[in-house]
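Participant: Have a look at this one before I ask anything.
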Amino acid sequence: MVAPRNIRTSFGFYPPEDDEVSWRADIPSFRDALRRDFPDAVLELGTNVMRGFEVLDFEFEVGAGAWATGSAALPSPDYAYVVLTDATAHEAALFARWLRDSYLPAAACVRFISSAAMELGQETSQPLPDTSDPALIEAVLRDHLAAVDVR
């Protein structure tokens with residue numbers, strides 16, 4: 018069996034299109050959750066220069082040797098996203114599991130898209146699988162990358 022390549026790309030995570038307020042998220046609660054679960058996280062508040070709202074940049078070890086680096090923009094209850102930059106499917110899966118299972122309300126689901134798909138003109142995100150198994154989440158992320166022909 019050939020091990021899959023560890024493609025690095027950006028992954029965006031969003032609330033469901035038909036229920037944008039389901040995350041009930043904001044920067045202070047996201048920052049507090051990261052501090053609680055990842056005490057060594059590097060967190061920095063900033064401003065999105067294009068839109069003028071506050072963002073939280075972060076970097077932390079999300080699992081053994083796996084890092085999550087990105088930004089969270091949660092300026093209003095109906096507009097939220099978190100982007101991981103330069104992440105493998107494995108790193109993104111560990112982060113997505115934490116986001117859904119440890120931060121968001123239990124009933125909230127998460128949809129995602131990669132920058133690799135967006136570069137090909139795709140704009141439709143897809144839901145994460147309804148599981149807490151990071152290996153199954155990773156498989157969906159890898160399938161997504163394979164579908165957009167990232168090799």
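Going by our numbering, the sequence shown wraps up at 168, each residue one higher than the last. Ideal Cβ positions, reconstructed from N, Cα and C, are used throughout, including at glycine. These numbers come from a predicted model, not from an experiment.
Do Thr26 and Ser132 count as a contact pair if the criterion is CB distance below 8 Å?
Facilitator: For the purposes of this step, residue 132 is taken as the residue at position 115 of the sequence shown. For the purposes of this step, residue 26 is taken as the residue at position 9 of the sequence shown. Contact flag set, yes.
Participant: Give every residue of the same chain whose Cβ lies closer than 7 Å to the Cβ of Arg233, excluding the five residues on either side of it in the sequence, and list them in chain order.
Facilitator: In the structure displayed, the chain extends from 18 to 168; residue 233 sits before or after that span and is not available.
Participant: Between Leu111 and Ala83, is the Cβ-Cβ spacing less than 8 Å?
Facilitator: Taking the first residue of the sequence shown as 1, we reach residue 111 at position 94. Taking the first residue of the sequence shown as 1, we reach residue 83 at position 66. In this structure, Ala83 lies closer than 8 Å to Leu111 by Cβ.
Participant: Counting pairs of beta carbons, one from the segment 64–79 and one from the segment 157–167, are three or more of them closer than 8 Å?
Facilitator: Output reads no: the segment 157–167 does not touch the segment 64–79.
Participant: Contact defined as beta carbons within less than 8 Å: I believe Leu91 pairs with Ala85. What is the distance between those atoms, to the nearest angstrom?
Facilitator: The residue labelled residue 91 in the question sits at position 74 within the sequence shown. The residue labelled residue 85 in the question sits at position 68 within the sequence shown. At roughly 16 Å, the Cβ-Cβ gap does not stay under 8 Å, so Leu91 and Ala85 are not in contact.
Participant: Using three-state DSSP, classify Ile24 as helix, strand or coil.
Facilitator: As a working note, residue 24 is residue 7 in the sequence shown. Ile24 falls in the coil class under three-state DSSP.
Participant: When you compare the CB positions of Arg128 and Ile154, do they come within less than 8 Å of one another, or not?
Facilitator: Here residue 128 is taken as the residue at index 111 of the sequence shown, counted from 1. Here residue 154 is taken as the residue at index 137 of the sequence shown, counted from 1. No, these two residues do not count as a Cβ contact at 8 Å.
Participant: Tell me Phe30's beta-bridge partners as DSSP assigns them.
Facilitator: Working through the sequence shown from its first residue, we reach residue 30 at position 13. Answer is Val99, Phe129, bridged to Phe30.
Participant: Going by C-alpha distance, which of Arg53, Gly63, Leu62 is nearest Val79?
Facilitator: One-based indexing of the sequence shown puts residue 79 at position 62. With distances taken between Cα atoms, Val79 lies closest to Arg53.
Participant: Taking 6 Å as the limit between beta carbons, can you name the residues of its chain near Ala134, skipping five residues before and five after?
Facilitator: On the sequence shown, position 117 is the one that residue 134 refers to. Excluding sequence neighbours, Ala134 sits near Val165.
Participant: What would DSSP say about Asp70, mapped onto helix, strand or coil?
Facilitator: As a working note, residue 70 is residue 53 in the sequence shown. A small correction: the amino acid at residue 70 is Phe; Asp does not occupy that position in the sequence shown. Note: Phe70 maps to coil in three-state DSSP.
Participant: Starting from Pro45, follow the alpha helix (DSSP H) in both directions and report where the run begins and ends.
Facilitator: As a working note, residue 45 is residue 28 in the sequence shown. It spans 44–54 - the alpha helix (DSSP H) in which Pro45 sits, taken as one unbroken run.
Participant: Taking the alpha-carbon of Asp160 as reference, which of Glu37, Leu137, Ile130 has the nearest alpha-carbon?
Facilitator: For the purposes of this step, residue 160 is identified with residue 143 of the sequence shown, where counting begins at 1. Considering only alpha carbons, the answer is Ile130.
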